[in-house]
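Enquirer: Residue numbers for the sequence shown follow the working numbering, beginning at 38 and rising by one.
Note that CB positions come from ideal geometry on N, CA and C, so glycine has one too.
Since the structure is predicted, the reported quantities are computational estimates derived from the model, not experimental observations.
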Amino acid sequence: MSTERRMDRLRDSGLLWPLLALVALLAANAVVRPSFLALRMQDGHLYGSLIDILKNGAPTLLIALGMCLVIATRGIDLSVGAVVAISGAVTCTYIAAAPDPGSAQTALIGMGIALVLCVVLGVWNGFLVAVLGIQPIIATLVLMTAGRGIAMLITDGQIITVNSPAYRTVGAGFLFLPVSILIALAVLVAVALVTRRTALGLLIESVGVNPEASRLTGIHARTIRWTVYVFAGLCAGVAGLMISSNVSAADANNAGLWIEMDAILAVVIGGTSLAGGRYSLVGTLIGALTIQTLTTTVYSMGIAPEITLVFKAVVVVTVCLLQAPKFRALLSRGGPGTRSRRQPAAPASPEASENREPARQATRRDQVAVSASPSQEAGRS
């Protein structure tokens, strides 16, 4: 396949501009700090700024994967940030109150309880949306508002710190690469295999395009929508474990704050439409890395963290504009001198006029005959 054809396919897939934005951010960091792209090996572990971006972006990628499937069914989940806080709060509270808080068994039980609870919360969201028919933004806004309060109740409004090496492995452990990166990549590969190697991906897209038509064709649209909300809750629960274990503490007030917005932005940057239908897992990966790279860039350049949201908004608006067909058509149209002008019609030749005149006369005779036929039939009767 030629390079030009590959570029055309990349442009048609909607991944060109997000990929260029990610490359531009990496290049800007490399210019400001030449050691930005450097990698080093220490104690069998790989370190570097790029590894830090992947590690810190792993929770966002996990939540964005669940959000991508939810959005593909024409839904939205605003409660994932609260689910992140609940996951960390449940695990850390259980470990802190256990007789042996440093054991691996305690950490596994705490994480298991947290993930089960997150699945239950996903079932709740799916019930409100798929069964009761409540608008997704309203249904998940309920848990977004109440969920963080639930996390505060679990921790009694305190920051719960734990000392559990087994639990810390989830967010800060290494197996050549950080464990959080490996978990996120494993989930990405699993979702890609399940949705692209089976009919599930096509069914999700069908429900997103037209739920009623999907139901009439025999697709269990309610079950599919319910399933993606459960999966989104599970992804948020695992992301909450990563965030809290990375600092060995649960902060119910700040853990996962605004991470739902980062996930939505990552999905949109990746080319998935909020109107439902087709989605892109690769685009979601690129979008999550773009969001995390932008955050790292703002921090490394000494810009106040409060301004990060402004930079995110600028990047998202720019990428979305470049992805919009009307905006691209406006750019390709160029200046006033390149606009297409209507060419005046060429004057008809005398021979063509003479040839058209007999045809007009024949048409008039046919019209007269048709209009006269009713009166003739009435006279005969």
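With H, G and I counted as helix, E and B as strand and the rest as coil, what does DSSP make of Ala-227?
Expert: Here residue 227 refers to the residue found at position 190 of the sequence shown. Helix at Ala-227.
Enquirer: In this structure, what does DSSP give as the bridge partners for Ile-197?
Expert: Counted from its first residue, the sequence shown places residue 197 at position 160. Ala-287.
Enquirer: Please report the distance separating the alpha-carbon of Thr-232 from that of Ile-241.
Expert: Within the sequence shown, numbered from 1, the residue matching residue 232 stands at position 195. Within the sequence shown, numbered from 1, the residue matching residue 241 stands at position 204. Taking the straight line joining both Cα atoms gives about 9 Å.
Enquirer: List the whole-angstrom C-beta distance separating Tyr-266 from Asp-114, where the pair is believed to meet the contact cut-off of C-beta under 8 Å.
Expert: The residue you call residue 266 lines up with position 229 of the sequence shown. The residue you call residue 114 lines up with position 77 of the sequence shown. Contact annotation, Tyr-266 with Asp-114: C-beta distance approximately 7 Å; criterion of less than 8 Å satisfied.
Enquirer: Tell me, which residues are paired with Gln-79 by DSSP?
Expert: In the sequence shown, counting from the first residue as 1, residue 79 sits at position 42. Looking at the DSSP assignment, Gln-79 forms a beta bridge with His-82.
Enquirer: Contact defined as beta carbons within less than 8 Å: I believe Ala-133 pairs with Ile-197. What is the distance between those atoms, to the nearest angstrom?
Expert: Within the sequence shown, the letter at position 96 stands for residue 133. Within the sequence shown, the letter at position 160 stands for residue 197. Yes, Ala-133 and Ile-197 are in contact; Cβ-Cβ is about 5 Å, under 8 Å.
Enquirer: Can you tell me whether Pro-215 is helix, strand or coil according to DSSP?
Expert: Indexing the sequence shown from 1 puts residue 215 at position 178. Strand.
Enquirer: Could you check where the alpha helix (DSSP H) with Met-189 kicks off and where it finishes?
Expert: Within the sequence shown, numbered from 1, the residue matching residue 189 stands at position 152. Looking at the DSSP string, the run of the alpha helix (DSSP H) that includes Met-189 is 173–192.
Enquirer: Quick one, which of Val-207, Leu-326, His-257 has its alpha-carbon nearest Ala-276's?
Expert: Translated into the one-based positions of the sequence shown, residue 276 becomes position 239. Answer by Cα proximity: Val-207.
Enquirer: Measure the Cβ-Cβ separation of Gly-274 and Cys-155 and say whether it is below 8 Å.
Expert: Counting from one through the sequence shown, the residue named residue 274 turns up at place 237. Counting from one through the sequence shown, the residue named residue 155 turns up at place 118. Going by C-beta atoms, Gly-274 is nearer than 8 Å to Cys-155.
Enquirer: Use the C-beta contact count for Glu-343: other C-beta atoms within 10 angstroms, 16 or more gives buried, fewer gives exposed.
Expert: For the purposes of this step, residue 343 is identified with residue 306 of the sequence shown, where counting begins at 1. That one is exposed.
Enquirer: Express the C-alpha separation of Val-354 and Gly-88 in angstroms, rounding to a whole number.
Expert: Translated into positions along the sequence shown, residue 88 becomes position 51. Translated into positions along the sequence shown, residue 354 becomes position 317. Before going further, note that residue 88 is Ile rather than Gly in the sequence given. Using only the alpha carbons, I get a separation of about 27 Å.
Enquirer: Taking Tyr-204 as the reference, which of Leu-239, Ser-124, Val-157 has the closest Cα?
Expert: Position 167 of the sequence shown, counting from 1, holds the residue named residue 204. Of the listed residues, the one whose Cα sits closest to Tyr-204 is Ser-124.
Enquirer: My parser needs the alpha helix (DSSP H) runs of 4 or more residues fully inside the segment 95–147; what are they?
Expert: 117–134
Enquirer: Measuring CA to CA, which of Ser-72, Ser-310, Thr-97 is closest to Ala-221?
Expert: As a working note, residue 221 is residue 184 in the sequence shown. It is Thr-97.
Enquirer: Looking at C-beta atoms only, is the number of pairs between the segment 98–108 and the segment 307–327 that lie closer than 8 Å three or more?
Expert: yes
Enquirer: Taking just the CA atoms, how far does Ile-323 sit from Thr-419?
Expert: Nothing in the structure corresponds to residue 419, since the chain is present only between 38 and 418.
Enquirer: Pick out whichever of Asp-299, Gly-210, Val-121, Val-157 has its Cα sitting closest to the Cα of Ile-280.
Expert: For the purposes of this step, residue 280 is taken as residue 243 along the sequence shown, with counting starting at 1. Out of Asp-299, Gly-210, Val-121, Val-157, Val-121 has the C-alpha closest to the C-alpha of Ile-280.
Enquirer: Throw me the rounded Cβ distance for the Ala-303 and Thr-321 pair, which I believe falls under 8 Å.
Expert: Here residue 303 refers to the residue found at position 266 of the sequence shown. Here residue 321 refers to the residue found at position 284 of the sequence shown. Rounded, the Cβ-Cβ distance is 6 Å, consistent with contact.
Enquirer: For Ser-72, count neighbouring C-beta atoms within 10 Å of its own C-beta (all shown protein chains included) and say buried if the count is 16 or more, exposed if not.
Expert: In the sequence shown, counting from the first residue as 1, residue 72 sits at position 35. Exposed: under 16 other Cβ atoms inside 10 Å.
Enquirer: What is the rounded straight-line gap between the Cα of Met-78 and the Cα of Val-356?
Expert: Your numbering for residue 78 matches position 41 in the sequence shown. Your numbering for residue 356 matches position 319 in the sequence shown. One C-alpha to the other measures close to 35 Å.
Enquirer: Where do the N-terminal and C-terminal ends of the alpha helix (DSSP H) with Trp-54 fall, by residue?
Expert: Looking up residue 54 in the sequence shown gives position 17. Start and end: 53–69.
Enquirer: Which of the three DSSP states is assigned to Asn-247 in this structure?
Expert: Here residue 247 is taken as the residue at index 210 of the sequence shown, counted from 1. Correct three-state label for Asn-247: coil.
Enquirer: Mark Ile-306 as exposed unless 16 or more other C-beta atoms lie within 10 angstroms of its C-beta, in which case mark it buried.
Expert: Here residue 306 refers to the residue found at position 269 of the sequence shown. Under this definition Ile-306 is a buried residue.
Enquirer: Between the C-alpha atoms of Val-69 and Asn-200, what's the straight-line distance to the nearest angstrom?
Expert: Within the sequence shown, the letter at position 32 stands for residue 69. Within the sequence shown, the letter at position 163 stands for residue 200. Answer to the nearest angstrom: the Cα atoms are 38 Å apart.
Enquirer: Roughly how many angstroms lie between the CA atoms of Ala-250 and Gly-170, to the nearest whole one?
Expert: Mapped onto the sequence shown, residue 250 falls at position 213. Mapped onto the sequence shown, residue 170 falls at position 133. Looking at the two C-alpha atoms, the distance is approximately 16 Å.
Enquirer: Which residue marks the beginning of the alpha helix (DSSP H) containing Pro-202, and which one marks its end?
Expert: To locate residue 202, count along the sequence shown from 1; it is residue 165. Taken as a continuous stretch (DSSP letters only), the alpha helix (DSSP H) holding Pro-202 covers 202–209.
Enquirer: Can you tell me whether Asn-93 is buried or exposed? The criterion is at least 16 other CB atoms within 10 Å of its CB, across all chains shown.
Expert: Here residue 93 corresponds to residue number 56 of the sequence shown, with the count starting at 1. So Asn-93 ends up on the buried side.
Enquirer: Spatial neighbours of Ile-301 within its chain, please: CB distance less than 7 Å, with the 5 preceding and 5 following residues excluded, ordered by chain position.
Expert: Numbered from 1 along the sequence shown, position 264 holds the residue referred to as residue 301. When the five nearest sequence neighbours on each side are left out, the beta carbons in the same chain lying within less than 7 Å of the beta carbon of Ile-301 are those of Met-104, in order along the chain.
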